[in-house]
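Here's the structure, in structure tokens; my notes come after.
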Amino acid sequence: MFVYDVTKPQTLEDLERLWIPSYNKHGPEGAVKIIVGNKADLSTSRQVSSEEGHDFARRHGCLFVETSAQDNTAVGQAFEELLANLQPLKALAIPAPREEAAACADIMQGRSGSQDANTAFRKWARRICWFPWLLFERGA
4 MFVYDVTKPQ TLEDLERLWI PSYNKHGPEG AVKIIVGNKA DLSTSRQVSS EEGHDFARRH
64 GCLFVETSAQ DNTAVGQAFE ELLANLQPLK ALAIPAPREE AAACADIMQG RSGSQDANTA
124 FRKWARRICW FPWLLFERGA
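In this text, residue positions in the sequence shown follow our numbering: the first is 4, and each later residue adds one.
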């Protein structure tokens, strides 16, 4: 889920320049992606049209919805769209290979002194899902 502010075109540009390329590099192939234009309730301050957002999403192979977190408009719809489109992609949640599973167990039980265990855990986590705030290749 990629969110931009319809009152700030820079946030959409940041998706184009930073977040989507980062996802394409680190995220799983074939995952369902959605572009969310937030603050749709601020019509007098709007600087990114619905059409621009929709075209942007289409260019990047993403679903699209506009929301307002302020008045809770279509917030649930954004998640429902994602969930509805996840059904055919259950194969993305591939079980972790044995060494990655062992590393996950170690980390979750507080036994993660090893750099190899942390790397294996990150590889497994990337395979299951991707979050933009978890960029795993910082030192690489």
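We put the beta carbon where it would ideally sit given N, CA and C, even for glycine.
Does the beta-carbon distance from Val-51 to Leu-15 come in below 7 Å?
Yes, the Cβ-Cβ distance between Val-51 and Leu-15 is below 7 Å.
Determine, using beta carbons only, whether Asp-44 and Asp-74 come nearer to each other than 7 Å.
Yes. Within cutoff.
With distance defined between alpha-carbon atoms, name the residue in Ser-71, Ala-72, Asn-41, Ile-37 nearest to Leu-86.
Of the candidates Ser-71, Ala-72, Asn-41, Ile-37, the one whose C-alpha sits nearest the C-alpha of Leu-86 is Ile-37.
State the DSSP-derived secondary structure class of Val-51, mapped to helix, strand or coil.
Of the three classes helix, strand and coil, the one that applies to Val-51 here is coil, per DSSP.
Just reading off the alpha helix (DSSP H) that Asn-27 is part of, what are its end residues?
Run containing Asn-27: 23 to 29, per the alpha helix (DSSP H) assignment.
Could you name the residues of the same chain whose beta carbon sits closer than 6 Å to that of Pro-12, not counting the 5 residues immediately before and after it, in chain order?
Hits under 6 Å: Gln-50, Val-51.
As a quick exercise: from Ala-77, Gln-80, Cys-65, pick the residue whose alpha carbon is nearest that of Arg-5.
Checking the sequence, you will find Phe at residue 5 rather than Arg. Minimum Cα distance to Phe-5 is reached at Cys-65.
DSSP on Val-9, reduced to helix/strand/coil?
Three-state result, Val-9: coil.
When we look at the beta-carbon of Thr-47 and count the other beta-carbons within 10 Å, is it buried (16 or more) or exposed?
The residue in question, Thr-47, is exposed, as its Cβ has fewer than 16 Cβ neighbours within 10 Å.
Cα-Cα, which of Arg-61, Asn-88, Ala-34, Gly-79 is closest to Glu-19?
Comparing Cα-Cα distances from Glu-19 to each of Arg-61, Asn-88, Ala-34, Gly-79, the minimum goes to Arg-61.
Is Lys-42 closer than 7 Å to Thr-76 when the C-beta atoms are compared?
No; because the gap between Cβ atoms is not below 7 Å, this pair is not in contact.
What does DSSP give as the partner residue(s) for Phe-67 in the beta ladder?
DSSP, once it has assigned bridges, lists Ile-38 as partnering Phe-67.
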